[in-house]
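This report concerns only the one structure given below.
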Amino acid sequence: MITLEHIAMEYVPGREILKDVSLQLKRGSFYFITGPSGAGKSTLLSLLSLQHRVSKGRIRMFGEDVTWLPREQLPRLRRRVGIVLQDYRLLDHLTVAENVALPLKIAGQGASVIEEKVKELLEWVGLPEYYDAKPAILSGGQKQRAAIARAVITKPDLLLADEPTGNLDSDLSLRFMYLFEALNESGTTVVVATHDEHLISLFDYPVLRLKDGKLG
Numbered sequence: 005m006i007t008l009e010h011i012a013m014e015y016v017p018g019r020e021i022l023k024d025v026s027l028q029l030k031r032g033s034f035y036f037i038t039g040p041s042g043a044g045k046s047t048l049l050s051l052l053s054l055q056h057r058v059s060k061g062r063i064r065m066f067g068e069d070v071t072w073l074p075r076e077q078l079p080r081l082r083r084r085v086g087i088v089l090q091d092y093r094l095l096d097h098l099t100v101a102e103n104v105a106l107p108l109k110i111a112g113q114g115a116s117v118i119e120e121k122v123k124e125l126l127e128w129v130g131l132p133e134y135y136d137a138k139p140a141i142l143s144g145g146q147k148q149r150a151a152i153a154r155a156v157i158t159k160p161d162l163l164l165a166d167e168p169t170g171n172l173d174s175d176l177s178l179r180f181m182y183l184f185e186a187l188n189e190s191g192t193t194v195v196v197a198t199h200d201e202h203l204i205s206l207f208d209y210p211v212l213r214l215k216d217g218k219l220g
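Taking our numbering, the leading residue of the sequence shown gets 5, the next gets one more, and so forth.
Okay, structure coming up:
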């Protein structure tokens, strides 16, 4: 279970992006987060991915209080989290396959296992012909597909997706949602932040609504 207790987050002193947010995410659950631009969705995901620390409150993840955990202990927990961000975060000097393989390399997987899993997943997301390509030649939708492949390749304990279908057509959007569902059914906790109310309506999962930094 992941627990946030009365957290607040501010990047500039005196200007809270999140205000007194408390929630519990049960292990193996699936949640949507929605709300207007600037409501704090991306900030909340950044806290759950341990990229930033809270200004106030407490966070427990994977059985640990991570609120003020020493920085050198954070990487082992971050490896349990898959992240799909709006800006993709692909490394331009690596090929698409190398980008997708990064989490497996960090986890110490062998070369043959990595190659097999990367080929399988690139086939699934429709990018097999871009195996040796650099991200610079990809369209926005193709970069998003590569970023999703990288996020899910290790079957993480927690998957955080920030507008994962924003650059995809409706058919691909549903395809990736079904992939997220399959991961969820295998035990991954999934949190999807999206503006797409129609997409949300197609699935029967709890919806967390943020407005002005507060959960409604």
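Note that CB positions come from ideal geometry on N, CA and C, so glycine has one too.
Glu189 counts as exposed, since fewer than 16 other C-beta atoms from the protein chains shown sit within 10 angstroms of its C-beta. With fewer than three CB-CB distances shorter than 8 Å, the region 133-142 does not count as touching the region 170-185.
Positions of the alpha helix (DSSP H) runs, each at least 4 residues long and wholly inside the region 6-52, are given as 45-52 in order along the chain.
DSSP places Ala186 within a helical segment (H, G or I) once states are collapsed to three. Burial is judged here by how many other beta carbons sit within 10 angstroms of a residue's own beta carbon; Gly67 has fewer than 16 and is exposed. DSSP places Asp166 in the strand class (E or B) of the three-state scheme.
Contact between the region 156-173 and the region 86-100 is established, with three or more Cβ pairs separated by less than 8 Å. When the five nearest sequence neighbours on each side are left out, the beta carbons in the same chain lying within less than 7 Å of the beta carbon of Lys121 are those of Leu108, Ile157, in order along the chain. In this structure, the beta-carbon distance from Thr38 to Leu172 does not fall below 9 Å.
Here Asp24 is actually not in contact with Ala43; their C-beta atoms are around 14 Å apart, not less than 8 Å. The C-alpha of Arg93 is placed about 28 Å away from the C-alpha of Lys60.
Measuring C-alpha to C-alpha distances from Glu14 to each of Ser46, Leu95, Glu76 identifies Ser46 as the nearest. Collapsing the DSSP output to three states places Ala197 in a strand. Taking C-beta atoms as the reference points, Ile6 and Met65 count as a pair closer than 9 Å. Leu219 counts as buried, since at least 16 other C-beta atoms from the protein chains shown sit within 10 angstroms of its C-beta. Here Val100 is buried, its C-beta having at least 16 other C-beta atoms within 10 Å. Ranked by how close their Cα comes to the Cα of Glu9, the residues Glu119, Ile63, Phe180, Pro17 have Ile63 in first place. Selection Leu163, Leu178, Arg179, Ile204 evaluated against Leu49 yields Leu163 as nearest (Cα-Cα).
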